[in-house]
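Residue numbers (this note's numbering): 35 to 264.
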């Protein structure tokens with residue numbers, strides 16, 4: 035996934051083992067559920083999608099953290115574990131459940147300092163925080179900002195279009211659906227604290243805006259009502 039961890043307390047080998055554990059855990063969360071896993075009926079809530087989201091958040095969190103002077107070890111491990119319980123726990127407690135899984139892993143399979151484990155788990159537990167990010171530790175802030183950024187931009191647009199196809203919508207709805215990505219992204223930008231995250235967000239929102247405008251130019255009567263064929 036292109037992440038290098040050098041000259042730090044977390045080795046490349048340790049990170050690779052954690053990464054494999056997270057993927058296996060997500061896969062097992064789906065396989066052991068009678069109904070195929072929580073929200074399995076939406077393809078992007080599969081183990082593969084969730085793991086891809088996690089990798090995106092790891093990359094984004096490290097980029098933000100590096101520019102903002104945060105502890106990259108804490109950020110990387112917290113980002114890797116932040117959604118590990120997403121497919122098995124209710125939305126409102128998946129952060130706490132994820133922190134519990136991470137704590138068990140870090141204390142039973144490694145000899146990291148307790149302070150490190152506590153910081154990682156605190157960031158995971160707080161990543162669903164809906165209030166101001168200014169009141170949070172820098173590492174937690176970077177994780178939340180990365181989680182937000184993965185939902186907007188080209189990736190967020192692609193996921194919205196995937197949802198349209200799954201719900202049997204036509205391309206005539208596309209501009210309106212992409213606009214939802216743009217508006218949601220603008221709302222999220224207001225929560226960002228770091229200059230790095232804000233810069234990434236504005237760049238991604240530009241792409242969504244351009245795509246929406248191209249759709250409106252190329253598809254006739256994009257927002258028009260369909261003719262009555264009865």
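Note that the Cβ used here is the ideal one computed from N, Cα and C, for glycine as well.
Classified as exposed, residue 149 has fewer than 16 neighbouring CB atoms from the shown chains inside 10 Å of its CB.
Assignment of residue 143 by DSSP, reduced to helix, strand and coil, places it in the coil class.
Its chain contains 115, 116, 117, 118, 119 and 158 as the residues whose beta carbon lies nearer than 7 Å to that of residue 132, once the 5 sequence neighbours on both sides are disregarded; these appear in chain order. Excluding five sequence positions before and after residue 84, the CB atoms of its chain that fall closer than 8 Å to its own CB belong to 60, 117, 120 and 121, given in chain order. Counting only residues of its own chain and dropping the five nearest sequence neighbours on each side, residue 152 has no CB closer than 8 Å to any other CB.
Annotated three-state conformation of residue 243 is helix, per DSSP.
Every alpha helix (DSSP H) of 4 residues or more that sits fully in the segment 112-170 is shown, in chain order, as 128-142 and 148-159. Inclusion of residue 220 and residue 194 in the CB contact set at 8 Å is not warranted, their separation being larger than that value. Spanning the alpha carbons of residue 237 and residue 170 requires a straight line of approximately 25 Å. In the three-state reduction of the DSSP assignment, residue 45 falls in the coil class. Residue 65 and residue 123 have their C-alpha atoms spaced approximately 14 Å apart. Judged by beta-carbon spacing, residue 188 lies beyond the 8 Å limit of residue 249, meaning their Cβ atoms are not closer than that value. With a cutoff of 8 Å on beta-carbon distance, residue 144 and residue 48 are scored as near each other. Secondary structure of residue 80 (DSSP, three-state): coil. Counting only the Cα atoms, residue 217 lies some 23 Å from residue 95.
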